[in-house]
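J.: Quick one: structure below, then a few questions.
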């Protein structure tokens, strides 16, 4: 019977067939040890001379790292073995003897590993991080699906920019020019008028010519948008959401956290409510430790850390100056020059993971803003329509998946949080 | 208390506040009727002269279609009312009186509706179809997440083509050229070697200069890939998957099916196992009814219908000639010239919804195929690496979400199965 390593607990004492790859092998006289990985886990298979078939025992030495094999043997409980079970092996068969594997336990440079991403994926920490990613994606969807939201996929090809025109990828769309989406938000505003509470979740693109540990060219973002929510409602939803995602990841993925050597004590404290700081409070805090900071400017990564390091929980900064936020942000009617925006800064110096706020719902104001931002009124006709036909207060936010995965996994660079990262100067493999 | 229309059942007898848009309104002497929609449902609000406040009664006539309002009143059970509840209204407040709404109950042309997609979304059938889409997406993920699969998002930017070079979207990726993904499959093959059973689920792109009811330029595809699966295993998984998705959609979305006037009797029969036809059997079947069909060619839409109309369940066609399938398809070792491929044709003439098969795992053969298909060996170096380092039998398939939604909803055209369709000549709104 063919079984997965993760399913061995249900087959103790049975004869099973495992299929996978040689993770490691060694011989010691009359015993040969094979660590087999099959994608669901790693299992030790032991070949005793006499107990296994003779050919398997003799040919054992031919097995190279990453050779693909099937192993037949009996499942035993063995607490000292990785995974808690081992196989008393009777025989193995080879699918293919692997050529010399380029990734060895010795240290490799980042460039080398990135060029071999298709193989690097097989490493223990990489699979652990990507399993955490999958758990986080699943938690994100369950959170919204369970709260009356409808998934509304936003288009990738868009006729217009929404987050500034300097970082757009352009493509020929038959006889027109189209751009790759930087955010699905504007489309979610239309969708919220149809379905009330909606979210999109897909890849977004920013042509940023910079190499930082927080930026990918292609990254996944979840963007909920809620009809009749104001800024306060928005922050309340965001904190419940982040609590849910983080707590579920550490609860459901303890083995992966261990493989990543991630101490999750700090994450366990990520519970709503989160502190809320007015931009001015945050700016004053930064100014004290970074005298070069200009009050009124956006925060740099180091500035964010000055603020977030004061708290054990993620912290909201709200009411950023209108002039450093996107055109669609509503101005606070009680505070001229401040926008009804909010960013959420993660703990442990991981910086901004959420940006959002309340949207401008007044037709005249949004038209002025579109002009001020040099955007095309024709491209945005559909968007201004939303302010003509039953305009409504609404808010939403976007959470970057890769930054969230990096934070939860304790990874220093977002490149390990997505299966095939796209970075400035890298689109291979 | 602010409540959703879908949640009224929990507030019978209570005074509540609803927020939404005017779906319809009419007056009849001392009674005024307001049909309110809030995205979660539609509810009748009744204003009796004397029972509601005077200003609301007087100003009622100002309410235009799609005006945004809040209504305060008491929840009553009322079986004759849409949704089963109605509101004995006390007052309303206006967010915005809508300008004359462009979409009226009269017939509109498709072009007009597509140009007003951002508003058309609010129509009853459109929201119903998109809720079914969301249910199908959720079912897809639950199916794989519950069976030991790991989600592995495939990249959108790729250095190379995989489904033929004629339908590629190109973009400048800094100093290089990159293409928008036509399929995540090749990447899933690398991922399957790391994690055993994986799937990707994201947007894919084909620059097809044709307007048919089955093609979108931008469409979502789910692509599972399984290590150590052969063609037979692949078909078994695919039929369980399709059964699960279809049965869950009709079970969980009866109201939407009713709104779409979809008779689900045919869908109720979509239960595994599905019939399996060798390409030659299917080709003979087609030839009898379409004498122009050339045996050895791929099937057209009408040809697919000839085959699928013979069955009450979806039908697999397997072992298509190798020369009409992609370079990565494995040839049947027992049947020269035939590939270990399978397509699944839906019932009721909806055509192909799944394409898949077993992948070529031999290094020498895959290198010859890459050359034969005029693909760049450099771009595919990473892909051939998978055949050097522990090559393994593996299979997978891709299911197109929009075609599946069209089938389940009984829609004639895929353009209504995605919030913002991208078609030849259309990228707005």
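Protein chains in written order, with the numbering used here: chain B, -6 to 422; chain C, -6 to 422. Note that the Cβ used here is the ideal one computed from N, Cα and C, for glycine as well.
Within its chain, find whatever has a CB closer than 7 Å to the CB of residue 125/B; leave out the 5 residues flanking it on each side and keep chain order.
T.: Taking the first residue of the first chain as position 1, residue 125/B is located at position 132. Only 242, 246, 249, 398, 401 and 402 meet the Cβ criterion.
J.: In the DSSP assignment, the alpha helix (DSSP H) including residue 397/C goes from what residue to what residue?
T.: To locate residue 397/C, count along the second chain from 1; it is residue 404. Where residue 397/C is concerned, the enclosing alpha helix (DSSP H) stretches over 394 to 402.
J.: Any beta carbon from chain B within less than 9 Å of residue 304/C's own beta carbon?
T.: By one-based count along the second chain, residue 304/C stands at place 311. For residue 304/C, the answer is no, since every Cβ of chain B falls outside 9 Å of its Cβ.
J.: Are residue 266/C and residue 232/C close, meaning C-beta to C-beta below 9 Å?
T.: Looking up residue 266/C in the second chain gives position 273. Looking up residue 232/C in the second chain gives position 239. In this structure, residue 232/C lies closer than 9 Å to residue 266/C by Cβ.
J.: According to a CB-to-CB cut-off of less than 8 Å, which residues of the stretch 381 to 410 of chain B neighbour chain C?
T.: Within the stretch 381 to 410 of chain B, the qualifying residues are 381, 382, 383, 384, 385 and 386.
J.: If you follow the beta strand (DSSP E) that residue 16/C is in, where does it begin and where does it stop?
T.: Locating residue 16/C in the second chain gives position 23, where the first residue counts as 1. Residue 16/C -> beta strand (DSSP E) spans 8 to 21.
J.: Between which residues of its own chain and residue 278/C is the CB-CB distance below 6 Å, once the five residues before and five after are set aside?
T.: Here residue 278/C refers to the residue found at position 285 when the second chain is read from its first residue. For residue 278/C, where only same-chain residues beyond five positions count, the Cβ hits under 6 Å are 300.
J.: Among all the DSSP beta bridges, which residues are the ones paired with residue 213/C?
T.: As a first step, residue 213/C is located in the second chain; it is residue number 220 there, counting from the start. Paired residue(s): 196/C.
J.: Residue ranges of each alpha helix (DSSP H) run of no fewer than 4 residues wholly in the stretch 270 to 307 of chain C, ordered along the chain?
T.: Counting whole runs of 4 or more residues, the stretch 270 to 307 of chain C contains the alpha helix (DSSP H) stretches 272 to 282 and 294 to 301.
J.: Does DSSP classify residue 405/B as helix, strand or coil?
T.: Indexing the first chain from 1 puts residue 405/B at position 412. In this structure, residue 405/B counts as coil in the three-state DSSP scheme.
J.: Taking only three categories from DSSP, how would you classify residue 352/C?
T.: One-based indexing of the second chain puts residue 352/C at position 359. Reduced to three states, the DSSP call for residue 352/C is strand.
J.: DSSP on residue 174/B, reduced to helix/strand/coil?
T.: Indexing the first chain from 1 puts residue 174/B at position 181. It is coil, neither helix nor strand.
J.: Determine the burial state of residue 220/C: buried for a count of at least 16 other Cβ atoms within 10 Å of its Cβ, exposed for fewer.
T.: As a position in the second chain, residue 220/C is number 227, starting the count at 1. So residue 220/C counts as buried.
J.: Residues in the same chain with beta-carbon distance under 6 Å from residue 282/B, minus the five sequence neighbours each way, listed in chain order, please.
T.: Within the first chain, the letter at position 289 stands for residue 282/B. If we look at residue 282/B and ignore the five residues flanking it on each side, its Cβ neighbours are 299.
J.: Taking the continuous beta strand (DSSP E) assigned at residue 42/C, which residues delimit it?
T.: Along the second chain, read from residue 1 onward, the residue named residue 42/C stands at position 49. Note, residue 42/C: premise wrong, no beta strand (DSSP E); not H, not E.
J.: Residue 121/C versus chain B: which residues are under 7 Å apart at the beta carbon?
T.: Counted from its first residue, the second chain places residue 121/C at position 128. Here the premise fails: no neighbours, minimum Cβ distance about 11 Å.
J.: Is it buried or exposed for residue 389/C, if we count other Cβ within 10 angstroms and need 16 for buried?
T.: As a first step, residue 389/C is located in the second chain; it is residue number 396 there, counting from the start. Classification for residue 389/C: buried.
J.: How about residue 304/B and residue 132/B: do their beta carbons lie closer than 9 Å?
T.: Position 311 of the first chain, counted from the first residue, corresponds to residue 304/B. Position 139 of the first chain, counted from the first residue, corresponds to residue 132/B. No, they are not a contact pair.
J.: In chain order, what residues of the stretch 136 to 148 of chain C put their CB closer than 8 Å to some CB of chain B?
T.: For the stretch 136 to 148 of chain C, which is checked against every Cβ of chain B, the residues closer than 8 Å are 138, 141, 143, 144, 145, 146, 147 and 148.
J.: Following the continuous alpha helix (DSSP H) through residue 118/C, name the residue where it begins and the one where it ends.
T.: In the second chain, counting from the first residue as 1, residue 118/C sits at position 125. Unbroken alpha helix (DSSP H) run through residue 118/C: 117 to 138.
J.: If residue 171/B and residue 151/B are in contact, beta carbons under 8 Å, what's the gap, nearest whole angstrom?
T.: Along the first chain, read from residue 1 onward, the residue named residue 171/B stands at position 178. Along the first chain, read from residue 1 onward, the residue named residue 151/B stands at position 158. With a Cβ gap of about 7 Å, residue 171/B and residue 151/B count as contacting.
J.: In or out: residue 319/C buried (at least 16 other Cβ within 10 Å) or exposed?
T.: Here residue 319/C refers to the residue found at position 326 of the second chain. Flag for residue 319/C reads buried.
J.: DSSP on residue 92/C, reduced to helix/strand/coil?
T.: Mapped onto the second chain, residue 92/C falls at position 99. In the structure shown, residue 92/C sits in coil (DSSP, three-state: anything other than H, G, I, E or B).
J.: Buried or exposed: which applies to residue 61/C, given that a residue is buried once 16 or more other Cβ atoms fall within 10 Å of its Cβ?
T.: Residue numbering aside, residue 61/C sits at position 68 when the second chain is read from its first letter. Buried is the call here.
J.: In this structure, does DSSP put residue 50/C in helix, strand or coil?
T.: Sequence index remark: in the second chain, residue 50/C carries index 57 (1-based). Helix.
J.: For the stretch 332 to 353 of chain C, which residues have a CB atom closer than 9 Å to at least one CB atom of chain E, in sequence order?
T.: Here chain E cannot be found, since the structure's protein chains are B and C.
J.: Find out if the Cβ-Cβ distance for the pair residue 350/C, residue 332/C is shorter than 9 Å.
T.: For the purposes of this step, residue 350/C is identified with residue 357 of the second chain, where counting begins at 1. For the purposes of this step, residue 332/C is identified with residue 339 of the second chain, where counting begins at 1. Yes.
J.: Locate the alpha helix (DSSP H) running through residue 374/C, then write down its first and last residues.
T.: For this step, residue 374/C is matched to residue 381 along the second chain. 374 to 378 is the span of the alpha helix (DSSP H), which, as asked, contains residue 374/C.
J.: Could you give the distance in angstroms between the alpha-carbon of residue 10/C and the alpha-carbon of residue 80/C?
T.: By one-based count along the second chain, residue 10/C stands at place 17. By one-based count along the second chain, residue 80/C stands at place 87. The straight-line gap from Cα to Cα measures roughly 10 Å.
J.: Using the beta-carbon of each residue, which ones in chain C are nearer than 8 Å to residue 276/B?
T.: Here residue 276/B is taken as the residue at index 283 of the first chain, counted from 1. Chain C residues near residue 276/B: none, gap ~33 Å exceeds 8 Å.
J.: Beta-carbon separation of residue 64/C and residue 141/C under 9 Å?
T.: As a working note, residue 64/C is residue 71 in the second chain. As a working note, residue 141/C is residue 148 in the second chain. Contact flag unset, no.
J.: Assess, as a yes-or-no matter, whether the stretch 251 to 260 of chain C is touched by the stretch 116 to 124 of chain C under the definition of 3 or more beta carbon pairs within less than 8 Å.
T.: Because the criterion of three Cβ pairs below 8 Å is met, the stretch 116 to 124 of chain C and the stretch 251 to 260 of chain C touch.
J.: Whose CA, out of 164/B, 198/B, 145/B and 212/B, lies closest to the CA of residue 192/B?
T.: For the purposes of this step, residue 192/B is taken as the residue at position 199 of the first chain. Of 164/B, 198/B, 145/B and 212/B, the residue nearest in Cα terms is 145/B.
J.: Evaluate contact between the stretch -5 to 6 of chain B and the stretch 14 to 28 of chain B, counting only Cβ atoms and requiring at least three cross-stretch pairs below 8 Å.
T.: No: fewer than three Cβ pairs fall under 8 Å.
J.: Measure the alpha-carbon distance for residue 217/B versus residue 223/B and round it to whole angstroms.
T.: Locating residue 217/B in the first chain gives position 224, counting from the first residue. Locating residue 223/B in the first chain gives position 230, counting from the first residue. Their backbone Cα atoms lie some 13 Å apart in a straight line.
J.: Taking the Cβ atom as the reference point for each residue, do residue 147/B and residue 76/B lie within a distance shorter than 9 Å?
T.: Within the first chain, the letter at position 154 stands for residue 147/B. Within the first chain, the letter at position 83 stands for residue 76/B. It is not a contact, given that the beta carbons lie outside the stated cut-off.
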